[in-house]
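Data first, discussion second: the structure below is written as structure tokens.
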Amino acid sequence: MQASSKIPTDVSYLEYKGKHKGLLSWILSTDHKRIGLLYMYSMMTLFLIGVVLGLAMKFELIAPGKTIMEAKDYNAVFTVHGVIMIFMIVVPGLPAVFGNFLLPIMIGAKDVAFPKLNLASWYVYIAGAFLVIASVLFGDGSPDTGWTFYAPYSFKTGTNMLPAIFGAFVLGFSSILTGLNFIVTIHRLRAPGMTWTKMPLFPWTLYGTAWIQLLATPIVGITLVLVSLERIFGIGVFDPALGGDPILYQHLFWIYSHPAVYIMILPAMGAISEIIPTFSQKHVFGYKAIVASTLAIAFVGYFVWGHHMFTSGMSGTAQYTFSILTFLVAIPSAIKVFNWISTMYKGSINVQTPFYWAVSFIFVFMIGGLSGLVLGALATNVYVHDTAFVVAHFHFIVFGGVGFAFFGAIHYWFPKMFGRMYDSTWANAGWLIFTIGFLTLYSPMFYLGMQGMPRRYYDYLEEFHAANILSTMGSWVMTLGLVIILINLFRSAKSGAIAPKDPWNGKTLEWTVPSPPPVENYEEIPVYGEKDGPYEYK
Amino acid sequence: MYILASTQASNFVSGVDKAFIIILAICFFFLIALTAVMIYFMFKYNKKKHPKATQIKGSNTLEVVWTVIPTILVLIMFYYGWAGWKPMREAPEDSFEITVNSRMWNFTFQYDNGRRTDTLFIPKDRPVKLNLRSMDVIHSVYIPAFRVKEDVVPGSDKFMWFTAQNEGIYELFCTEYCGLQHSYMYNWVKVMPEEEFNTWYTDTTQQLASAQVESPTAAGKRIMTNIGCLACHSLDGSRLVGPSFKGLYGHEATVKTGGETRTVMVDDEYIKRSIFDPNADIVEGFNKGLMVSYEGQLTETEVEQIIEYLKTLK
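The listed protein sequences derive, respectively, from chains A and B. Under our numbering, the residues of the first sequence are numbered 1 to 538, in order. Under our numbering, the residues of the second sequence are numbered 1001 to 1314, in order.
Right, dumping it as structure tokens:
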């Protein structure tokens, strides 16, 4: 930031000509906004690969028996789908894209605390992604363990596990470094007068998430190292034949991977907490309650991992302890939902595309969360654990939650990011088709799980046929919606109407800078003292 | 109420289903009520009708209300979940014990009198305890109709128990992903009246080891897929590690027996020998020592079903 005197403030970050030109001006840029977009484009590409794999999987399941691929390929497809979607999309997703782009602007800073580290995180991310993709394309067969890499299968299978595991390990570092960067940024670079209780909610959720990234990711890192050592040297930590314990693997894996769900969902909740007040033109309801619930989720989320293991044979005491903690972590999520809906009360609601996404987010998130209660209770968990019910549940949370929030966020902040408006007719049509497809795709899986169909099934008995057909057709509708949304966004970024500084009459700081913002966001760091808080509507 | 799989066939059904219904009822209530309120607000407070928002920053009373009420509700849900699950943890002392041997990718059931079966035969109205053993990776025994599931972890002793309450044939799935043929790792549970079961159990002349759910041919195909025969033997005549199964049965084959080349007829006898003593006769042009014996891993009935299936591969 010392160089700020040389950087013009009347040129947007998109048009700014620095030392480098063309592609280099992007991949060597330390501007948090360009890095945010780098993440977005890389994630879009990987996401589309994940979507194609998902479509292939659903198509295979349209009928019992072989449809388009062999069991071996199906197992590889669901593994790679999971690894891409979890480790490369939903975990880094909102923080890496919108966190990078908006966090400094929303707290009144010129960049994140460590811009070079920020760019390095993107390179680490790309390296991890390449490793995972390489594991599919080269070596002795694609990884086929599922994204959970469960021991002892993960070191017994002959497939190309090492690059995939190493890829996930590397991706973890990208997450850790981004988390560290955000924590320091939020502590050190808030605008003068922006006390903790005047910080907008999206940065708050990034803060909660950053701590989980920083503290929980190393655990999965070391666990994956242990799996690799087990495969190469047979060190016997997890292999029962060598005196190891496969259940220990599950504990270590879920100690990270459950909090990882909160890494995904907290920023999603943060984005929703920005969209709803803006389009209701109203101060957010229960600001402090929402902040407290964010921190409660981040904290209690560390202690519920055992609910992934109710049938693994933990002690009875461990089981009901984890069950009750799981129920308690549901409370802060419920509090958020109540506060969001109350924010709409007596508002002046401007029903725009981001608002549609926000409302449908609340709907699918409720379905995901409420079905989580079925999974949190012991008796019902034992029945539906490892069935299609679980697959439905986490797609409602992870894809419904993060995905809907992501699309809501991208439409909401689109004018700021690209300086142009999206075409709202196509955006709304895309939303409607996507939502219908989403519900048709995943709802039948609840039914299938309740009928007893296990997950990760290449083939199934005839009794599960009808619901699978419906689900597969849903996948086509959803993809159609997705294509419409993406094409519309691409077209609008090029040729949409020029966006004003504050198209939604938003009150947070990002709406005070030009659209798109200049390289260092602010000519002068804003002073926040006179404002009461971030949502001061009149 | 039949919201879950098939019939209500064990002592755990009422507890699990009760928890399910209570939780689902609360979930649906909140889902519908909150969605309705949300949609109502969208219309009622639309900016066309309500151009000026009324600024309300929050209400401590409401925050307390919607913290306390959900807390009470989740504790109720926790209780029913716990109550339905508790009895699963302790098997009665007089349970009839059966050992489940799990491997990639089939289950076999071993009884105290030495009988091994492909289908799980159990008496009705008597507690049955399954001792779960895995020989390779983690599997999971899941009987939806009984509402039970427990992982089978190599190197540790797990169990599950239940009392079957309805006669019939039920599905038993592996629900922990275990590799290539995971989705074919399922089997059947046959619940018999106690007397009938005792007759079956004590009568050694009765060789029935599989319930007649599928045709012998279908069973043969499933078994061969599960134990991995098809990794080395093709069904379409193409050459893999071992000879193809296509057109094998009822034809002559040239084999080497202890260094001597001879021609044999592929019949039941030959197939059994190939399965249990695979290196006795080596088909001309293939290598010795690649296949290991399946002695002790397949029951007589299973071998017969395999033979029935091979007969169909003309």
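All C-beta atoms, glycine included, are put in the ideal place defined by N, C-alpha and C.
**Study point:** Cutoff 8 Å; reference A/Phe238; Cβ partners in own chain excluding five residues on either side
**Key:** Ala151, Pro152, Phe155, Leu226, Val227, Glu230, Gly244, Asp245, Pro246, Leu248 and Tyr249
Point to revise | B/Thr1263 in three-state terms, based on DSSP | key: strand
Check your understanding: Contact check, A/Gly372 vs A/His395 under 8 Å by CB: the rounded distance?
Key -> No, A/Gly372 and A/His395 are not in contact; Cβ-Cβ is about 12 Å, not under 8 Å.
Exercise for review: Please report how far the alpha carbon of B/Thr1175 lies from the alpha carbon of A/Val513, in whole angstroms.
Suggested key: 54 Å
Check your understanding: So what's B/Asn1131 in DSSP terms, helix, strand or just coil?
Key -> strand
Check your understanding: For the alpha helix (DSSP H) that A/Arg34 lies in, which residues bound it at each end?
Key -> His32 to Glu60
Point to revise | Span separating the alpha-carbon of B/Gln1181 from that of B/Gly1220 | key: 15 Å
Review point. Which whole-angstrom value describes the C-beta separation of B/Ala1019 and A/Ala377, a residue pair presumed to lie in contact below a C-beta threshold of 8 Å?
Key: 6 Å
Exercise for review: Verify whether the separation of the beta carbon atoms of A/Phe389 and A/Met445 is less than 8 Å.
Suggested key: yes
Check your understanding: Candidates A/Pro518, A/Ile525 and A/Leu486: which alpha carbon is nearest A/Ile7's?
Key -> A/Pro518
Review point. Leaving out five residues before and five after A/Gly139 in sequence, what residues of the same chain have Cβ atoms less than 6 Å from its Cβ?
Key: Asn160
Check your understanding: Going along the chain, which residues of its own chain have a beta-carbon closer than 6 Å to the beta-carbon of A/Phe355, five neighbours each way excluded?
Key -> Phe279
Check your understanding: Using DSSP with H/G/I as helix, E/B as strand and the rest coil, what is A/Gln451?
Key -> coil
Practice item. Kindly indicate which three-state DSSP category A/Gln281 falls into: helix, strand or coil? Key: coil
Exercise for review: Go to B/Asn1106, then tell me how far its alpha helix (DSSP H) extends in each direction, as first and last residue.
Suggested key: Here B/Asn1106 belongs to no alpha helix (DSSP H); instead the beta strand (DSSP E) covers Asn1106 to Tyr1111.
Practice item. Verify whether the separation of the beta carbon atoms of B/Val1266 and B/Gly1242 is less than 8 Å. Key: no
Review point. Distance, Cα to Cα, A/Gly306 vs A/Lys288?
Key: 30 Å
**Study point:** Which listed residue (A/Asp459, A/Gly347 and A/Leu448) has its alpha carbon closest to that of B/Tyr1045
**Key:** A/Gly347
Check your understanding: From the DSSP output, which residues share a beta bridge with B/Lys1149?
Key -> B/Tyr1142
Review point. Along chain A, in chain order, which residues have C-beta atoms closer than 7 Å to that of B/Val1037?
Key: Ile341
Check your understanding: Just checking, does the stretch 90-97 of chain A make contact with the stretch 167-185 of chain A on the three C-beta pairs under 8 Å criterion?
Key -> yes
Review point. Mind pulling the alpha helix (DSSP H) runs of 4 or more residues that sit fully within the stretch 238-290 of chain A?
Key: 246-280
Point to revise | 8 Å Cβ cutoff, A/Leu14 in contact with chain B | key: no
Check your understanding: Just curious, the alpha helix (DSSP H) that A/Gly316 is in, first and last residue?
Key -> Gly316 to Met344
Check your understanding: Does the beta carbon of B/Ala1219 sit closer than 8 Å to a beta carbon anywhere in chain A?
Key -> no
Check your understanding: Taking C-alpha atoms, which residue in B/Tyr1142, B/Leu1120 and B/Val1191 lies nearest to B/Asn1166?
Key -> B/Val1191
Review point. Which residues of chain B have a Cβ atom closer than 9 Å to the Cβ of A/Asn539, listed in chain order?
Key: In the structure as shown, chain A begins at 1 and stops at 538. Residue 539 of chain A is therefore absent and cannot be evaluated.
Exercise for review: Return no unless some Cβ of chain A is closer than 8 Å to the Cβ of B/Thr1054.
Suggested key: yes
Review point. If we ignore side chains and look at the alpha-carbon of each, how far apart do A/Ser312 and A/Pro454 end up?
Key: 16 Å
**Study point:** Through-space distance from A/Lys501 to A/Ala415, alpha-carbon basis
**Key:** As written in the sequence, residue 415 of chain A is Pro, which differs from the Ala given in the question. Approximately 8 Å between the Cα atoms of the pair.
Exercise for review: State yes or no: is the C-beta of A/Pro203 within less than 8 Å of the C-beta of A/Ile186?
Suggested key: yes
Exercise for review: Measure the CB-CB distance between B/Glu1000 and B/Pro1193 and report whether it falls below 8 Å.
Suggested key: Examination of residue 1000 of chain B is not possible in this model, given that chain B is present from 1001 through 1314 alone.
Practice item. Would you check if there are 3 or more beta carbon pairs closer than 8 Å linking the stretch 190-203 of chain A to the stretch 1135-1144 of chain B? Key: no
Review point. So which residues on chain B does A/Ser280 lean against when the C-beta distance must stay under 7 Å?
Key: Ala1053
Review point. In this structure, does DSSP put A/Ala493 in helix, strand or coil?
Key: helix
Point to revise | Per-residue burial, A/Leu201 [other beta carbons within 10 Å of its own, 16 or more giving buried] | key: buried
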